[in-house]
Structure formats: C-alpha cells, structure tokens
Amino acid sequence: MYKKLVTGCIISIVIFSYVCIYAETTDSLLIKLDENTYKLDQITIDLLNKEISFPAKFNMNRGLIETILVGPQGPLHETVLVTPVLPSYIQTALLMMGLECGQNMELGNYDIFPRGDSVLVFASWIDSTGREMIERVERFIWNVPERREMLQTHWIFLGSKIIGDQFMAELDQNIIRTYHDPFAIIHSPLITITDDTFYEANEKLIPPNGTKAQIIIKAFMK
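Note that the sequence shown covers residues 296 to 517 in our numbering.
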C-alpha cells in the first residue's frame, strides 16, 4: 500500500482521495474515525468543524521568541511550544481540512507580507489546580516595546515549500512563526514580523516548561 505522504501544496486532492479510499485499513497512516473525523498520526482532523488538534508541550516562558511552535529539532531557544508531530503531517492535515496554501514570502525580502487562508490557533492545558485552560496563542506573546500582549490576530496558512527533494518545514522544524520566515507553515500577518526583538514569551501566563498541551488550529471564516 502507498503510505508515503507527499508534502507539497499540490497534495490536497490526492491526499483527500487517498483518505477516502484507504482510511479504514489497519496499516494506513490515515484512519477514518467517523464520517467527518480522521486521524493522521497524532493529529485529529475534524472536517465538519474545520479544525485540527495535536499534542505539544510548553518549552519556555521567558526570553525573546521568534516562533510559537516548532518540532523537537527546531530552534528551542526561541519558541513557546514544541510538538513531536511531523510538520509534513500538520501541513497535510490543514490541506485535508480544505485550506489552500498562500503566498510565501521571499527569503531576505522584508517588504512582502504573507497572504492566504486564515486560521485561529489555540493551546489548551491543565493548570496546577486541575482546571482545563484554553487560550489563543497570541496571549503567550509579550509585545516588548508596548508592554502588552500581542494583538489578537488571525494567522496565515502559507504552506511550506519543497526545494529539491527537501520539505523545508521538515528541515527547519518551524511550524508557526512570529518572525519573517518564507518556509514556515503558518505565519503572523502583522507588521511586527520584520523585527526579531519585538516579542518575548509572556511569563505571566505561560505554565511551567514541560507542561503538556494540545494545539487546536481552526479555519477562520471571515
């Protein structure tokens, strides 16, 4: 059986067709749970509500950040959250949800801002009292010059690129970025993406390092 996932932005129709045909087989990476819900590795894909969810953990609660979510080999010194889920699977799940890749920015060109389908991003966790918490990820980011939390915003689904045979988000491990990165899967649309000293982790809100979390990414319908 064909089990290798093609990881570029051309895969939306191919992968969705593959899911419909093979999702109920036991050796597939893609499992159909019900009419509208699929499992891809550790990602739950809810086609009806147009959202995906997958595990992560909090990585840092103070210091300058450029990234909200990375893989385990990513830049851990500048990210709030880290996930064991492969970036290629996350991109595939977003494509299956019906999103289309946007316009990637150009490497080194800070005059081009991301455009494309919008998503909202949340993280949930259990706090020290046993209470379930859920927040938009913007709340984990502290705006240093203005001394407040990051503005609430939608995020842009860029979709990472394949260069040669390399899926760039798998190489860099950057999944959700606040600072200019043409190869990230999801990117901030704000003008602050041109300044890598603009944001810090919000230590007032972020739980202790290692706290388990769940990432929820929802299509944003304007």
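All residues carry an ideal CB built from backbone N, CA and C; glycine is no exception.
Beta strand (DSSP E) runs wholly inside the stretch 449–504, at least 3 long, in chain order: 450–452, 469–472 and 494–496
With 16 other Cβ atoms within 10 Å as the buried cut-off, status of glutamine 386: buried
Coil, strand or helix - glutamine 509 by DSSP: strand
Distance between leucine 415 and threonine 362 (C-alpha atoms, nearest Å): 16 Å
Serine 348: first and last residue of the uninterrupted alpha helix (DSSP H) it sits in: Serine 348 -> not in any alpha helix (DSSP H); beta strand (DSSP E) instead, spanning 346–353.
Nearest-angstrom Cβ-Cβ length linking leucine 485 and threonine 424, presumed shorter than 8 Å: The beta carbons of leucine 485 and threonine 424 sit about 33 Å from each other, so the pair does not count as a contact at 8 Å.
Isoleucine 433 - DSSP class collapsed to helix/strand/coil: Sequence inspection shows glutamate at residue 433; the isoleucine mentioned does not correspond to that position. Looking at glutamate 433 - three-state DSSP - the assignment turns out to be helix.
Sub-7 Å separation of proline 409 and leucine 359 beta-carbons: no
Which of helix, strand or coil DSSP assigns to isoleucine 363: strand
C-beta atoms of alanine 388 and isoleucine 510 nearer than 7 Å: Cβ atoms of alanine 388 and isoleucine 510: not closer than 7 Å.
Residues that DSSP places opposite aspartate 329 in a beta bridge: For aspartate 329, which the question treats as bridged, DSSP gives the partners Thr332.
Where glutamine 447 falls: helix, strand or coil (DSSP): coil
For methionine 516, the three-state DSSP class (helix, strand or coil): In the structure shown, methionine 516 sits in coil (DSSP, three-state: anything other than H, G, I, E or B).
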